[in-house]
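Asks:
In the working numbering, the protein residues as written are 468 to 654.
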């Protein structure tokens, strides 16, 4: 697909509200549990491998061994699923008169303009004030749906802003740093 004046090459990360949140919390529980179990093994930190093995076999309670197995397997199985859900997909963002279409391989999202509650445009900067040349757009829709889009070509950022300006009543917020729109409470 060729880019036209109203279409731009982007990468899309769509957040599945309950699934990604559940997997994140499950992953954090596994990490914290593994960290706490690791504290139990601190006395053997400087021991030889044979002493560590003996400590594990003879002195470690079965509860700790079973917890280590469950949380270790949980961490190893949840991590790939969570990573897969958070990957960006290549697509084209097409501005139509009444909607914004995100179309690409494994991506086909139509965002009607009337369902968008806020748009966050983030042109992140480094600590020295220079732009990172990564322009991110976060579409927050009604009913807690949200879509994060990164522009592939940074030099097209002004054109994207011009295209979004054509929509009357669209609440667009501009930031020169990356923000977490879920924590933004200004109305």
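Glycine is no exception: its CB is placed at the ideal position from the N, C-alpha and C atoms.
No experiment lies behind these values; they were computed from the predicted model shown.
Under the three-state reduction of DSSP, which class applies to residue 587: helix, strand or coil?
Replies: Counting from one through the chain shown, the residue named residue 587 turns up at place 120. Strand.
Asks: What residue does the beta strand (DSSP E) around residue 567 start on, and which one ends it?
Replies: Numbered from its first residue, the chain shown carries residue 567 at position 100. Start and end: 566-571.
Asks: Is the beta carbon of residue 557 less than 9 Å from the beta carbon of residue 479?
Replies: On the chain shown, residue 557 is found 90 positions in, with the first residue counted as 1. On the chain shown, residue 479 is found 12 positions in, with the first residue counted as 1. Yes; because the gap between Cβ atoms is below 9 Å, this pair is in contact.
Asks: Note the first and the last residue of the continuous beta strand (DSSP E) segment covering residue 558.
Replies: As a first step, residue 558 is located in the chain shown; it is residue number 91 there, counting from the start. That run of the beta strand (DSSP E) goes 556-562.
Asks: Out of 642, 567, 584, point me to the one whose CA is closest to residue 633's CA.
Replies: Taking the first residue of the chain shown as position 1, residue 633 is located at position 166. Checked all of 642, 567, 584; the closest Cα to residue 633 is 567.
Asks: Can you give the Cα-Cα distance for residue 576 and residue 569, rounded to whole angstroms?
Replies: One-based indexing of the chain shown puts residue 576 at position 109. One-based indexing of the chain shown puts residue 569 at position 102. Taking the straight line from one Cα to the other gives about 5 Å.
Asks: Am I right that residue 559 and residue 474 are in contact with their C-beta atoms under 8 Å? What's the rounded C-beta distance?
Replies: Reading the chain shown from its first residue, position 92 is the one you call residue 559. Reading the chain shown from its first residue, position 7 is the one you call residue 474. Contact flag correct, Cβ pair sits at about 5 Å.
Asks: Given that a residue counts as buried once 16 or more other Cβ atoms are within 10 Å of its Cβ, and exposed if not, what is residue 603?
Replies: Here residue 603 refers to the residue found at position 136 when the chain shown is read from its first residue. Counting Cβ neighbours within 10 Å, residue 603 comes out buried, since at least 16 surround it.
Asks: Quick check on this structure: which residue in 555, 509, 499 has the alpha carbon closest to the alpha carbon of residue 542?
Replies: For this step, residue 542 is matched to residue 75 along the chain shown. Per the Cα distances, 499.
Asks: Check the C-beta distance from residue 628 over to residue 578 and give it rounded, since I have them as a contact under 8 Å.
Replies: Within the chain shown, residue 628 is the residue found at index 161, counting from 1. Within the chain shown, residue 578 is the residue found at index 111, counting from 1. Incorrect: roughly 17 Å between the Cβ atoms, too far for contact.
Asks: Distance check for residue 625 and residue 497, CA to CA, integer angstroms please.
Replies: Numbered from 1 along the chain shown, position 30 holds the residue referred to as residue 497. Numbered from 1 along the chain shown, position 158 holds the residue referred to as residue 625. Straight-line Cα distance between these residues: approximately 43 Å.
Asks: Rounded to the nearest angstrom, what separates residue 484 and residue 589 at their Cα positions?
Replies: For the purposes of this step, residue 484 is identified with residue 17 of the chain shown, where counting begins at 1. For the purposes of this step, residue 589 is identified with residue 122 of the chain shown, where counting begins at 1. Cα to Cα, residue 484 sits roughly 21 Å from residue 589.
Asks: Among the candidates 507, 490, 609, 631, whose CA atom is the shortest distance from the CA of residue 563?
Replies: Locating residue 563 in the chain shown gives position 96, where the first residue counts as 1. When only C-alpha atoms are compared, the closest one is 631.
Asks: Return the CA-CA distance between residue 494 and residue 472, expressed in angstroms with no decimal places.
Replies: As a working mapping, residue 494 is identified with position 27 in the chain shown. As a working mapping, residue 472 is identified with position 5 in the chain shown. Each residue's alpha carbon lies about 42 Å from the other.
Asks: Could you give the DSSP three-state label for residue 593: helix, strand or coil?
Replies: Counting from one through the chain shown, the residue named residue 593 turns up at place 126. Reduced to three states, the DSSP call for residue 593 is coil.
Asks: Taking the beta strand (DSSP E) that residue 608 falls in, what are its first and last residues?
Replies: Within the chain shown, residue 608 is the residue found at index 141, counting from 1. Its beta strand (DSSP E) spans residues 598-608.
Asks: Return helix, strand or coil for residue 640, following the three-state DSSP convention.
Replies: Within the chain shown, residue 640 is the residue found at index 173, counting from 1. Residue 640 falls in the strand class under three-state DSSP.
Asks: Check for me: the beta strand (DSSP E) holding residue 616 runs from which residue to which?
Replies: Taking the chain shown and counting its residues from 1, one reaches residue 616 at position 149. Unbroken beta strand (DSSP E) run through residue 616: 613-618.
Asks: Mapping DSSP to helix, strand and coil, what is residue 626?
Replies: By one-based count along the chain shown, residue 626 stands at place 159. Of the three classes helix, strand and coil, the one that applies to residue 626 here is helix, per DSSP.
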